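Reviewing the structure listed below.
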Amino acid sequence: MSDPELILKHIFSNRMKGNSDILILSRNGNRNRKSTIMCIYNSTTIEKLRSTIDSSAYYFKNQLRCRRNLMKQKPYLAVSNLFQKMAVRNLFLMSNYQRFFRSFKSPIFSTVSLFFTISVAAIFFIIYENILTSNLSMYPEDTAANKILTAPTTKSKGQLRSTFSSKPLQITTQRKIEGVDRETLDPLIPPFNVTRLERIAWFQKKLPELGLFKSSNFNSQFHDQVLGFFNSSCTIWYFMLWLSPAQSFGPREFSAVDSLFKASPKGCLMILSPSLNSRQGYRILKPLIDGGFKVLAVTPDLPFLVKNTPAEGWLDELKRGSKDPGKIPLSYNLSNLIRLAILYKYGGVYLDVDFIVLKDFTGLRNAIGAQSIDTSTRKWTRINGAAMIFNDNHPLLHDFLEEFALTFDGSKWGHNGPYLVSRVIERIEYAPGYDLTILPPKTFYPMDWIKIARLFKKPETETESKWIEDMLVELNRSTYAIHLWNHRSKELMIEEGSVMDKLISSFCVICQQRNKQPPLGTTIDKILFLNTI
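Oh and the sequence shown: position 428 is 428 in UniProt numbering, straight run, nothing missing.
Set out below in structure tokens:
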């Protein structure tokens, strides 16, 4: 019996004796099998388990809190008794937890040493995804829509620049490798079930640890890094954002970057990410760097980005403790702010990391995509900021930042994201002075989040095969980048012969076979620890 098994047996024994550091949760898993998860709060026990795992494992801490307010600040470890992938996914999706206090004479526990090897499900509430707040519309999309919806256009003062007076790049390759040996991730998940004042007090206590809110050796030269990186050799500027741990930047996210350089081999991509600005981040991006593509991960300087913008006062209020950060993990709302601020400051293209890019964006100017339209009036019903192309200093971006600062609500999903851009554009759509193009859903959102799973499925009939071929033709003709709605598709396998399989195989420069592997957390062949943000 392995060391982890012995430790688990000891844990079960302690629970039978009434140890309050252990909580048992239960939910039906796949095929009506009982899926049992054990919450361990004892730091010593967690460290014992951790010591039995190889060095590639990660430490998971303060993540879910098991809905027990008393234990919410203590280390937490989850152990599952089932190996089936679907059962583990069910554990990830649990929303109504129940304490499972019963006799441990159940066969699940009496035969524990005979029937399973310890596995720990990494239950996560991390910032990811790429960005959930931009994926919230319930409206179905019309994939047949082909009319570009536009507002009256006038020239803005800024430009979508493909060249800039170049400065030497301040960060060398060697510094990128040695900059951060171990990820230091900001704890941006607010405590569960607390009052507004308690949440503000929590943020004030955490503020000294939050790298995004202060200058350091890595982001003090942020402006020079941007200007040095986006030099005259770049045909187009792309920005992406990643506020989650580097180890969660997986095959799906890499596919987004991979496809971008297939479409724009001479383009330049800056990923705004504290975690990818590290040794681990450099290793992730190295295949592209070695291939001669211009990609760089940089820690964003938030105070600099919002300086002299309408959001500067909002950030000051948040730091002073007069603004409630809200119930939603702050990273979601910071991602909404940073994407607006970076485009306002520099211009270019912003993309979430759950896109597959099919075409070069060079021909697009001052554009944003409609996520859904009214099929009878052909008017948009929801705008989405997951993909945006704007000149620097564009007046619409100024209005977005102003709306963010004036109406911020950190407790409503989407309020500061897709609903924000929709509110503002609805007000100014026909006002003079804006150079704006609203692109139809097929440009970025040809498949809505409810139907996205169909793109991952292999054909079972001739009719389905024909649908896949027709869909690929339509995507190649009309779509610049396809949004994968990662919060819905992250658990889906890419089946051979599916639309996604064919897209990833065609629109890539690295073409790694790992893109077909299941996402993080769907296999439990070893105990897995994750760092929380």
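We put the CB at the ideal spot given by N, CA and C, even for glycine.
On a predicted model such as this, the values are computed, not experimentally measured, just so you know.
Contact under 8 Å by Cβ, residue i with residue j
i, j, result
"residue 261", "residue 288", "yes"
"residue 259", "residue 357", "yes"
"residue 401", "residue 452", "no"
"residue 333", "residue 416", "yes"
"residue 303", "residue 405", "no"
"residue 362", "residue 482", "no"
"residue 252", "residue 360", "no"
"residue 397", "residue 351", "no"
"residue 576", "residue 475", "Residue coverage of the chain in this structure runs from 1 to 533, which leaves residue 576 outside it and unanswerable."
"residue 509", "residue 291", "yes"
"residue 423", "residue 403", "yes"
"residue 450", "residue 459", "no"
Contacts around residue i, its chain only, beta-carbon distance under 6 Å, and the 5 residues preceding and following it disregarded
i, result
"residue 300", "272 and 338"
"residue 425", "383"
"residue 276", "242, 246 and 297"
"residue 412", "none"
"residue 511", "none"
"residue 488", "449 and 452"
"residue 321", "200 and 204"
Rounded Cβ spacing between residue i and residue j (contact assumed at less than 8 Å)
i, j, result
"residue 246", "residue 284", "7 Å"
"residue 438", "residue 368", "6 Å"
"residue 386", "residue 444", "7 Å"
"residue 364", "residue 389", "5 Å"
"residue 366", "residue 435", "5 Å"
"residue 478", "residue 442", "5 Å"
Boundaries of the beta strand (DSSP E) in which residue i is found, first to last residue
i, result
"residue 221", "Residue 221 -> no beta strand (DSSP E), and no H or E assigned at all."
"residue 205", "That residue, residue 205, is in no beta strand (DSSP E); its alpha helix (DSSP H) goes 196-206."
"residue 239", "237-241"
"residue 294", "294-298"
"residue 355", "355-357"
"residue 482", "481-483"
"residue 489", "Element bounds for residue 489: not the beta strand (DSSP E) but the alpha helix (DSSP H), 486-489."
"residue 439", "437-439"
"residue 349", "348-351"
"residue 493", "Counting along the chain, residue 493 falls outside any beta strand (DSSP E), and DSSP gives it neither H nor E."
"residue 271", "268-272"
Proximity winner among the options, relative to residue i (alpha-carbon distances)
i, options, result
"residue 316", "423, 441 and 204", "204"
"residue 206", "190, 221, 194 and 197", "190"
"residue 392", "251, 399, 346 and 434", "346"
"residue 473", "449, 506 and 490", "506"
"residue 202", "225, 290, 325 and 352", "325"
"residue 224", "305, 420, 290 and 193", "305"
"residue 466", "432, 498 and 344", "498"
"residue 431", "318, 336 and 399", "399"
"residue 227", "313, 270, 377 and 335", "270"
"residue 448", "250, 238, 370 and 221", "370"
"residue 264", "318, 511, 488 and 480", "480"
"residue 395", "421, 433, 489 and 418", "433"
"residue 307", "279, 344 and 278", "344"
Spatial neighbours of residue i in its chain, beta-carbon cut-off 7 Å, leaving aside the 5 residues before and after
i, result
"residue 381", "139, 372, 373 and 374"
"residue 500", "455, 456 and 494"
"residue 142", "Because the pLDDT of residue 142 is 40, which lies under 50, any placement of that residue in the model is unreliable, and the number read from its coordinates should be weighed accordingly. So the qualifying residues of the chain are 373, 375 and 441."
"residue 180", "With a pLDDT of 38 at residue 180, under the threshold of 50, the modelled position of that residue is not reliable, and the figure given next carries that caveat. So the list reads 277, 278 and 279, once near-sequence residues are dropped."
Host alpha helix (DSSP H) of residue i (start-end)
i, result
"residue 286", "279-290"
"residue 382", "Note, residue 382: premise wrong, no alpha helix (DSSP H); beta strand (DSSP E) at 380-390."
"residue 313", "312-320"
"residue 500", "499-506"
"residue 370", "Run containing residue 370: none in the alpha helix (DSSP H); it sits in the beta strand (DSSP E), 367-373."
"residue 302", "302-306"
"residue 476", "462-478"
"residue 255", "251-263"
Close-in-space but distant-in-sequence residues of the same chain around residue i (CB under 8 Å, 5 per side omitted)
i, result
"residue 199", "190, 191, 324, 325, 326 and 327"
"residue 409", "326, 415 and 416"
"residue 196", "324"
"residue 286", "none"
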